[in-house]
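Note sheet for the following structure.
Number of protein chains: 2
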Amino acid sequence: MAPYQYTVVVLVFSLLQSGVSGFPTNIRNPVCGYESCPATDPSMLNVHLVPHTHDDVGWLKTVDQYYYGDRNDIQHAGVQYILDSVVQELQKDPARRFIYVESAFFYRWWRQQDQATRRVVTQLVNEGRLEFINGGWCMSDEATTHYSAVIDQMTLGLRFLNDTFGACGRPRVAWHIDPFGHAREHASIFAQMGYDGFFFGRLDYQDKSRRMKAKELELLWRASESLSPPMADLFTGILPNGYNPPDGFCWDQSCSDAPIRDDPYLEDFNVDEMVRKFLETAHSQSKIYKTNHIIMTMGSDFQYENANLWYKNMDKLIRYVNGQQAAGSNVNVLYSTPSCYLQELHRANSTWALKTDDFFPYADDAHDFWTGYFTSRPALKRYERQSNSYLQTCNQLEVLGGPRSRSGPYGKGTSDTLRKAMAVAQHHDAVSGTEKQHVAYDYARRLASGWAYCKVLVRNSLAVLTGSDAPRSFCENLNISVCPLTESSKMFTMNVYNPLAHPVSWSVRLPVNGSAYSVADVQGKAVDSEVIPVPKATKALRGHRGWALNELVFQVEAPPLGYTTYSISLLQNAPPPPPPRPKAPLTIQNKFLKVTFDPATGLLSSLSNLETQQSIKLSQNFYWYNASAGNNEDSIQPSGAYIFRPNCSTPFIISKTAKIQSVQNGVVQEVRQMFSPWLSQVVRLYADSRELELEWTVGPVPIEDALGKEVITRLDTDINTSGYFYTDSNGREVLERRRDYRPTWDLKQSEPIAGNYYPINSRAYIKDKESQLTVVTDRSQGGSSIVDGSLEIMLHRRLLYDDVRGVGEPLNETSEAGGPEGLVVRGRLLLSLTPPDTAADSHRPLAQAQVLQPLLSFQEGPAPASARLEFSGLQAALPPAVHLLTVSQWDYDSVLLRLEHQYESRESKAYSQPVTVNLQKLFSTVEVMGVTEMSLGANQWKSEMSRLVWRPSADAAPQPKQPSDPSPWEITLNPMEIRTFLLRVRQS
Amino acid sequence: MAPYQYTVVVLVFSLLQSGVSGFPTNIRNPVCGYESCPATDPSMLNVHLVPHTHDDVGWLKTVDQYYYGDRNDIQHAGVQYILDSVVQELQKDPARRFIYVESAFFYRWWRQQDQATRRVVTQLVNEGRLEFINGGWCMSDEATTHYSAVIDQMTLGLRFLNDTFGACGRPRVAWHIDPFGHAREHASIFAQMGYDGFFFGRLDYQDKSRRMKAKELELLWRASESLSPPMADLFTGILPNGYNPPDGFCWDQSCSDAPIRDDPYLEDFNVDEMVRKFLETAHSQSKIYKTNHIIMTMGSDFQYENANLWYKNMDKLIRYVNGQQAAGSNVNVLYSTPSCYLQELHRANSTWALKTDDFFPYADDAHDFWTGYFTSRPALKRYERQSNSYLQTCNQLEVLGGPRSRSGPYGKGTSDTLRKAMAVAQHHDAVSGTEKQHVAYDYARRLASGWAYCKVLVRNSLAVLTGSDAPRSFCENLNISVCPLTESSKMFTMNVYNPLAHPVSWSVRLPVNGSAYSVADVQGKAVDSEVIPVPKATKALRGHRGWALNELVFQVEAPPLGYTTYSISLLQNAPPPPPPRPKAPLTIQNKFLKVTFDPATGLLSSLSNLETQQSIKLSQNFYWYNASAGNNEDSIQPSGAYIFRPNCSTPFIISKTAKIQSVQNGVVQEVRQMFSPWLSQVVRLYADSRELELEWTVGPVPIEDALGKEVITRLDTDINTSGYFYTDSNGREVLERRRDYRPTWDLKQSEPIAGNYYPINSRAYIKDKESQLTVVTDRSQGGSSIVDGSLEIMLHRRLLYDDVRGVGEPLNETSEAGGPEGLVVRGRLLLSLTPPDTAADSHRPLAQAQVLQPLLSFQEGPAPASARLEFSGLQAALPPAVHLLTVSQWDYDSVLLRLEHQYESRESKAYSQPVTVNLQKLFSTVEVMGVTEMSLGANQWKSEMSRLVWRPSADAAPQPKQPSDPSPWEITLNPMEIRTFLLRVRQS
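Just so you know, the sequences run in chain order A and B.
Mapping of the first sequence onto the numbering used here: residues 96 to 1083, in sequence order.
Mapping of the second sequence onto the numbering used here: residues 96 to 1083, in sequence order.
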């Protein structure tokens, strides 16, 4: 998207200015990209040395501590110095190469550089000597992230690179060398972002071993069952040594390998020995790869702080190893980059093994399954998911409210802080839960700070849209029934903003102290409401933070991409709410669902769908696996932040029975189950709901018995699953899972529980021909089906040992920093029972509504007469298959839009069809003046996106041609397709 | 000595070319030196930040491992990278400064640099931005080194700097920041080398505390009682934090202090806090110093490998701290160097406390006296001393034999290797014995390698001088009676080369298997000889290395700076030697001395000088102090390589009695004492000797009892010492010591033994009005006088614990690397009994003869008829007061000469007088064409040497004017004066 590319833009309207601000226009003929790659020798074994650093965007230290090199007592790492040093060393020799990956760090560094340094760096980038790889804000986690946030963080990083360096800053290779398992959806995203290839380091040790023998460490990953190849095809390379250098060749300051000692006048001259060892390493590595090119990652975590050590010794290595060619050596070693290596693989014109499943779970040894982090830090995982919803809402309201959103009656607001905080939170030691405690606090603090800036923006925007700038409060603690305004007010209004492109119906529970209220909608129509007592467990949980006795429960409806308003008034004379009734009745029911409980145990016993007339046996209870305590000395693996390892395959039951109470009225029916002082649940059925809500509260997990606990809930049904179950990939496509089985190799199962766990990002299900029980989650969790008919989800973990993967702390979260009491976590599972062939029709919108929840805000008193109480940013709701993924201000007159087909190609009779949207008729108040389609990462015009083509070894059937767009304004979405547009807009 | 200085040379003959080779002549107007110092502000407190690195020339790693950064598993340190990095960083800002100290490292680095880098570095040096400080090959140890080797190592380093950088490379400040105590002789040497000042870091904690209160951390050290002030006056500054940065301001990669985080957009902005803390530090430091200038050492061991970390943060510190001046701060912080700081102190025109004693012993806490290393590694200490003798001999023979010495019939020889090995061995973790075992082996290996190259040179030179190139062998193991040639030969010649400038008489003991030999001198005159059995202890010690049954003993005489030859032939028919006689007689005696033994114990009982008719009671025995085992956890100090801490003040006696045997004949009388299986001694009196030899053999020190042992010998006499005793300083001037007393502060003695130990480099004595018992040692050792009349010397140490000063190993030397058996060490003490006022007359030449021992070499068969069997390089022996300290080839036509007055000003009636030597009449075969006097370090013409003058607070009496030289050729030496000359020579 550099200026000289403008002439090739095909659309009819004037060119968008966005995305190129700051790009230095005086450099006209950069030779970056594949053209800048070093020469290789086809008659030789070419060894591509790839100097690189892996800079975690927070892990043992916070991202800013890493940037500055603070707290080196925890870990020696300072990214500012890494970039200083590498830029200096690259200037010394044009042959030297370096790749940089994490834009969150590069951004921090760049803004502190003077113009001279910026010019030097730009030159290096333009000559391909410094190359950006991956280029997202961070290297996201793959197991616990939601695709929406991943696309956002990639977009943020790629945009920074584009703005700063233009086309030469565009990464061509995706690079996920550290994440602990690899999601298919990530591969699909990378393909759609235009990456030519993907490299990673970690995969199951059995898988790796087989691939080494079969020379299948390099492969073609077909990452979608819906998208037509090669749309989601991604060439994937597995690196030989994780992301480390080969043994004996680590020259970083953090390593202790021998330098090349080539002064014959000093002791221990070792050139001959080093050359011999390197040739041996190269030859042995070439035996497991297909071509006469091999790659060596020369770097590791936070390396190159003193790049001279690396380059000085690599310069010598190259000189002395290539010097052997005169003596007949066939090894040619060179500085290179992953994209230059990739280009050589592509030139080899070979075919590559096809892969269609994913790389979960990851095990690095027989008892070392990295499946604990699917659930680690459940509160942080929820907060991250909720923050995504805040951010999308903030983005939307920034567009809908126009410039006054950013600077309005409530002051200066911005979405940037939350965007960056969310981007940082996608890091593979952030939302993954594998960071140190103080770093977890930092991530949460950043999100909270981001939300604070967004609040100002949201208030401003709603002031513009409603015409009222009265004080507006948000209640972020409704899950523990805390909201000062509703608790004290006798009359208030509630604004319900719906970030979805479809109307939403939503159940609201507001903490109140009155015993009866009148609730009216925007037309003044009374809305059914009930007041019920706050559950005991909630009172215990909120402590002194709130005093509400009751909850006011009612159902709201909100328009697409807009809001409506409800007025709530205390009714003085109403009778007090009835106290919850113990034990009876044992059925709760609405017009859609019927739920029964076992009177002997208080547990769920059946679930029926009254519309489809289907019913299953369903019992549910809570258990804990006893975490292996391990013994680091003789490498017996404990459970920890990363690793799940129960010391016994049978979990302990917390209580065979639950004490129950019930609440039943016209709005909601609840059965409140107490399993133990630290575990309770509310089984809740709203009057108009097609799904059953299980609101679980777990903690403080007791550890007085010195046993680490990994708490699960298990749903046992009579569904005939035959070992199969299903989990989603980053909240999008669903993968089939099979117990004790991997699609691509003959699994030797060594951990019957942990080895069958998979990440659940938004949903999991089990099914047979008749029934599908789908569970939609409110955050990422780990889960499995250990016996037929059963689905278990891990909810919370409290552990006493570190799992020896670097974090150096047991995962032992407490309610106060450093305090003794374990953290209490509350969450929701939504259950739906349907026939399998219509399941997606309900779980797709249900899951999106969980991800993008309505934002409630409150104003004291009655609504002003002049206020606009209802608004939709859309001319009409989008078709049911279409999800509005992104609406975000890009530049002063442009908006980034992403539309997504939210169904897979074969999952819904009703919706798995192409669907067309007219972009000009999209918004109600924003006029679309022009549109240009972009790559998914929004860093390239779609028309210019041209990816390397790779041939699978076994070719699949040719795909039918996809329908094309009816016109530039009318765009067609095929199943699971996401399309990204830059809109030139005008507020109308 | 840069080219543009040539015009000012005063002597009449053409200018010497030496010392300037390699100096870049195209840089004409460097502004180095004091002129290049940064501006300061007299109205402010000026804080001089001194960026520096302290690079041990071997310690935990070998010097070359340190240079290359190898074995970083032991310690992270790589000097090549330090210099790379600093040179790079200095170029970024002309305000930045760096000092470099150790030429051994800089030399290694410089020879690997390309011309471009060399030009850059030269420019930095010429602008005072990179300044050499100290500049010797290493930073020598002060307690265990001999002045001769110290001067040599300084000369080597300074010459390299001079040759490379000219005048701008000449250090103006001596810098001994790490040595563990400071010798007065070192200060005297530095003064005579032209240094303007001296800085160090370590001194007794009580001394430091008093000086802080009295503002006497900066002082004037009058370092000689003989040399006229200010000849040996040295301004001395004690650094505030050892050599480390102040707390909280260490920004090296090895530190964990917080960087300055000055980006307000990131977390933890800390500029205000850092500025506050720095100002507080500066103000508090200024309270203990006299002027409005203070110094902060910004660096430490092997720091600046990544100099960017340091400079980037210091740049910020300077900017932000000085930024406070606008707000009224009176602190001005700047990059500086020790010499720039020194210049400001000098400008202050103050007076400074006068110091005339030394800084031994060093204690860093009440029970932490660094007096163990005076003796640690006694075998290495001896080998180093012996190697000095080899080197001087090698140097002399290189001059005397001319160019064919370096390339002659035996191949290519050189003195360079040994010169460098000796220079490295002077390092304060080398001869000090405080290095790791593998490093100690490396030092020894280097010396052995140096000696091997010298052997070729010596053989070549002797071939030139004698006219015979027959094979010549050296016997380096005569101390354990091993010499293959003499053991097997029936007829051989022995060349005795005497490196002293006076004729020498020397007792020779050669291992032989015959029972009688004829020995003839160069005139064919028979020399008295005897064959005596090899002592049992020696047989045990040599193991399988030799098989000689007997020793052939005779006395030799050798000419000054020359050799003579003895012919030895086996007498077939001689009777076998008498077996040693047990127990009797109990007196040994020659014409000078009478020694009696106690018949009950076998111990010495008296010593009489038959010439002076004086006699003392003298008993001698061996003891061991039980080393404190310490307990590192609660900081109870153990004995270790550095620290001597007996856990009880009373040593254990090894045996109250000795089993004795005696040998008595016309050449030698011996009493052989066996104290235990691991401790024996030969008390030996040669026929013509005025001193009594005690040849001790200690080891393997047993440790089966798990007790560390520090073995001493103690001489108990009836001399009335009243707490006083005397030890030399680096083998030159003698200092008075007094038990439980320090001349400059009121000592609180907390370690009655270790706190009274002092280094003995060549001699110690006790005396009263009548008698002085002087002990001349063969290596550096620790010693004391714990009770009146007694003198004890520590001989050997075998310890089981590390003393927590970094070396990380117990000092547990074994006979084979890693083996279980302790190292056996053998050595000699020479005792002389004289009146005090004539003691120096004997101990001065005796000690020099121990330091520069005759070199024996052997050739099989009779001497060839044509051979020149006797030679002296001098026209005549020098006057008795004059010691020939240095004769060494400097360049192809120049020779470095040092002459030394070896008496103190008041110690000898006969010799403590000025003495004149005619340089033109010095050598017999080398014609002196010209002579220029130089500074002691030989890096400056003496005529140009101009030192800063400092005023003591209490002025001493004005000194009488020293006599001047009668003529440029005739130079006068005053007591203790060393004069250094560069001679232009021609072989005649």
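Backbone N, C-alpha and C fix where the C-beta goes; we use that ideal spot for every residue, glycine too.
Predicted model only: the values in this text are computed from it and were never measured.
Checklist entry - Taking C-alpha atoms, which residue in B:Leu513, B:Arg837, B:Tyr163, B:Met889 lies nearest to Leu251 of chain B? => result B:Leu513
Item to check | Top-ranked residue by Cα proximity to Phe455 of chain B, from B:Leu449, B:Trp447, B:Trp465 | outcome: B:Trp465
Item to check | Short Cβ contact (8 angstroms threshold) for Glu313 of chain A with Trp447 of chain A | outcome: yes
Checklist entry - What whole-angstrom Cβ distance do Trp612 of chain A and Ile663 of chain A have, given they're in contact under 8 angstroms? => result The question names Trp, yet the displayed sequence has Tyr at residue 612 of chain A. Rounded, the Cβ-Cβ distance is 5 angstroms, consistent with contact.
Item to check | Cys549 of chain A classed as buried or exposed, judged by whether at least 16 other C-beta atoms fall within 10 angstroms | outcome: buried
Checklist entry - With 16 other CB atoms within 10 Å as the buried threshold, where does Phe747 of chain B fall? => result exposed
Checklist entry - Given that a residue counts as buried once 16 or more other Cβ atoms are within 10 Å of its Cβ, and exposed if not, what is Ile272 of chain A? => result buried
Next on the checklist: DSSP three-state label for Glu1072 of chain A, please.
Outcome noted: coil
Checklist entry - Of all the options A:Val196, A:Arg265, A:Arg874, which has the alpha carbon lying nearest to the alpha carbon of Cys233 of chain A? => result A:Val196
Checklist entry - Can you pull the DSSP bridge partners for Gly337 of chain B? => result Note: Gly337 of chain B sits in no beta bridge, so no partner.
Next on the checklist: Give me the chain A residues within the contact set of Asn645 of chain B, using Cβ-Cβ distance strictly less than 7 angstroms, ordered along the chain.
Outcome noted: Chain A residues near Asn645 of chain B: none, gap ~41 angstroms exceeds 7 angstroms.
Next on the checklist: What does DSSP give as the partner residue(s) for His522 of chain A in the beta ladder?
Outcome noted: A:Ser235
Item to check | Within chain B, the residues that Ala695 of chain A reaches when beta carbons sit closer than 8 angstroms | outcome: By Cβ distance, chain B contributes nothing, its closest Cβ being about 55 angstroms from Ala695 of chain A, past 8 angstroms.
Checklist entry - DSSP three-state call for Thr1027 of chain B: helix, strand or coil? => result strand
Checklist entry - Taking the DSSP output, what are the residues bridged to Lys804 of chain A? => result A:Asn721, A:Arg893
Item to check | Proximal chain A residues relative to Thr157 of chain B, where beta-carbon distance stays under 7 angstroms | outcome: Glu362
Next on the checklist: Under 8 angstroms, with one C-beta from each stretch per pair, do the region 550-557 of chain B and the region 494-505 of chain B reach the 3-pair mark?
Outcome noted: yes
Checklist entry - Name the residues in the region 399-410 of chain A whose C-beta lies less than 8 angstroms from a C-beta of chain B; which are they? => result Glu400, Asn401, Asn403, Leu404, Lys407
Next on the checklist: Could you tell me which whole alpha helix (DSSP H) segments of length 4 or greater appear in the region 438-510 of chain A?
Outcome noted: 473-496
Checklist entry - Do you know whose CA, among A:Arg477, A:Phe295, A:Gly394, A:Asp363, lies nearest Asp342 of chain A's CA? => result A:Gly394
Next on the checklist: Could you compute how far the alpha carbon of Thr120 of chain B sits from the alpha carbon of Ala262 of chain B?
Outcome noted: Note that Thr120 of chain B scores 42 on pLDDT, short of 50, meaning its location in the model is unreliable and no value can be drawn from it.
Checklist entry - Using a beta-carbon distance cut-off of less than 7 angstroms, what residues from the region 466-491 of chain A approach chain B? => result none
Checklist entry - What residues of chain A sit near Gln348 of chain B, judged by a beta carbon separation below 9 angstroms? => result Gly164, Asn167, His171, Gly173, Tyr176, Gln348, Glu400, Asn401
Item to check | CB-CB length for Gly231 of chain B against Gly296 of chain B, believed under 8 angstroms | outcome: Incorrect: roughly 17 angstroms between the Cβ atoms, too far for contact.
Item to check | Neighbourhood of Lys68 of chain A by C-beta distance below 8 angstroms, restricted to the same chain and skipping five residues each side | outcome: Shown here, chain A extends from 96 to 1083; a query on residue 68 of chain A therefore has no answer.
Checklist entry - Excluding five sequence neighbours on each side, which residues of the same chain lie with their C-beta closer than 7 angstroms to the C-beta of Val1080 of chain A? => result Asp988, Ser989, Val990, Val1021, Glu1022, Val1023, Met1024
Item to check | Neighbouring residues, chain B, relative to Asp70 of chain A (Cβ below 9 angstroms) | outcome: It is not possible to answer for residue 70 of chain A, since the shown part of chain A is limited to 96 through 1083.
Checklist entry - Just checking my contact of Ile848 of chain A with Ser744 of chain A at CB under 8 angstroms: how many whole Å lie between their CB atoms? => result 5 angstroms
Checklist entry - Within this structure, are the beta carbons of Leu178 of chain B and Met409 of chain B separated by less than 8 angstroms? => result no
Item to check | Proximity below 8 angstroms, CB of Arg740 of chain B to CB of Glu846 of chain B | outcome: yes
Item to check | Residue(s) in a DSSP beta bridge with Glu646 of chain B | outcome: B:Pro606, B:Ile627
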